[in-house]
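Novice: Yeah, the sequence shown ends on 87 if you go by my numbering, and it's all consecutive. A virtual CB, placed ideally from N, CA and C, is assigned to each residue, including glycine. Predicted model, so just to flag it, every value in this text is computed and none were measured. Below: one structure in structure tokens.
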Amino acid sequence: MERVKRLEIITNSLEMSQVIKILDSIGVSGYTIIKDVTGKGDRGKIIDDLETPALTNGYVLSVCTEEQESEVVTAITPILKKFGGVCIVSDAKWIAH
């Protein structure tokens, strides 16, 4: 098993392409995206009955190295400040296959 950092990023769906560009530019090896994430945060409730995807959130799950962690956090922070959302980084172990 390899020690990695688990990345969980939730933000506005319109910013998902920018989040993915950031991960790719830093060299993060892969990710999973879940669209139309609902919940409640400091900007209120996000519900799934909206007419436009511009108002929905998306969830990105990925892993990165400890070296990549600070680059990701630095690059993602302006998006979160402008559009809301969250970036959670935690320790994890990756089973290489």
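To the nearest angstrom, how far is it from the Cα of Pro5 to the Cα of Ala86?
Specialist: A small correction: the amino acid at residue 5 is Glu; Pro does not occupy that position in the sequence shown. Near 30 Å, if we compare the C-alpha coordinates of Ala86 and Glu5.
Novice: Are the beta-carbon atoms belonging to Leu51 and Thr1 less than 8 Å from one another?
Specialist: Contact: no.
Novice: Let me know if Lys(-5) comes out buried or exposed under the rule of 16 or more other beta-carbons within 10 Å of its beta-carbon.
Specialist: Counting Cβ neighbours within 10 Å, Lys(-5) comes out buried, since at least 16 surround it.
Novice: What are the boundary residues of the beta strand (DSSP E) that Val79 is part of?
Specialist: Start and end: Val76 to Trp84.
Novice: Classify Thr28 as helix, strand or coil using the three-state DSSP reduction.
Specialist: Residue state, collapsed to three classes: coil.
Novice: Grab the span of the beta strand (DSSP E) containing Thr89 for me, first residue to last.
Specialist: With the chain running from -9 to 87 in the structure shown, residue 89 is simply not present.
Novice: Can you give me the C-alpha to C-alpha distance between Ile24 and Cys77, rounded to a whole angstrom?
Specialist: Looking at the two C-alpha atoms, the distance is approximately 15 Å.
Novice: Within a Cβ cutoff of 8 Å, which residues of the same chain sit near Glu61, ignoring the five residues on either side of it in sequence?
Specialist: Correct list, in chain order: Ile16.
Novice: Please list the terminal residues of the continuous beta strand (DSSP E) segment that includes Val50.
Specialist: Asn47 to Cys54 is the extent of the beta strand (DSSP E) around Val50.
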